[in-house]
Amino acid sequence: MNIPNLLTIFRLFLTSFFILAIHYGEFRIALWLFVVQAITDLLDGFLARVLGEKTSLGALLDPLADKTMLVSSFIVLYMKGIVPLWVTFIVLIRDFVLTFGYLILCKLFGKIEVIPSTLGKITTFCQIGTVVYVLWSDTRSYQDLFFYPTVVLTIITGLHYVYQGILIIKNKGRVTVT
């Protein structure tokens with residue numbers, strides 16, 4: 089077990105404590121837990137590349153930890169009345185479609201390497217920023233400034249990745265990067 093994989097597992101582990109903190113109204117604790125999760129998200133991939141410790145386990149766990157962290161955040165914040173249903177719904181639908189599409193591609197062509205696009209990384213950054221803002225802010229008055237760009241980027245990247253999946257099918261399993 090290498091350091092990047094341990095960081096990813098730690099991020100997964102922290103998700104349950106984050107959910108509990110939100111459930112009990114401990115938003116400052118939740119904020120710090122979420123920030124630690126976001127930092128481990130940056131560190132695990134960076135360390136895996138720098139240390140030459142990329143593993144198939146890490147390639148599986150990292151996106152799982154990312155999805156678990158973000159999807160659970162939006163769900164629990166919706167349940168507390170902090171994030172609107174429409175924002176949560178779009179984040180959930182995108183991740184469901186992408187995960188389901190990935191599984192279909194794997195069934196058709198075997199293992200497919202996922203190459204995150206720059207726009208996908210920006211979307212993840214916006215989603216993380218939205219969660220941080222709503223946990224940090226004592227007022228709900230400016231949340232729409234975060235919700236709208238996050239939702240637009242979430243939709244655009246969802247469509248982009250669906251398009252990538254269609255290209256993979258057309259190219260009989262070969263991955264092309266656009």
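The number in my numbering is simply the position in the sequence shown, starting from 1, with 88 added.
From the three backbone atoms N, C-alpha and C, an ideal C-beta is built for every residue, glycine too.
On the CB-based measure, 16 or more other CB atoms within 10 Å of its CB, does VAL269 come out buried or exposed? For residue 269 there is no data in the structure shown, the boundaries of the chain being 89 and 266.
Burial state of VAL164 (16 or more Cβ within 10 Å): buried
Quick one: any contact between the stretch 118–137 and the stretch 211–223, if contact means 3 or more CB pairs under 8 Å? yes
Beta carbon of ASP150 nearer than 7 Å to that of THR238: no
Whole-angstrom Cβ separation of ILE203 and ILE243, contact assumed at under 8 Å? In fact, because the Cβ distance is near 20 Å, the residues do not count as touching under 8 Å.
If you scan the stretch 93–136 from start to end, which runs of the alpha helix (DSSP H) of 4 or more residues do you find wholly inside it? none
Express the C-alpha separation of GLY113 and HIS248 in angstroms, rounding to a whole number. 36 Å
What residue range does the alpha helix (DSSP H) around ARG182 cover? 173–197
Looking at C-alpha atoms only, which residue of LEU241, LEU158, LEU223 and TYR166 is the closest neighbour of THR206? LEU241
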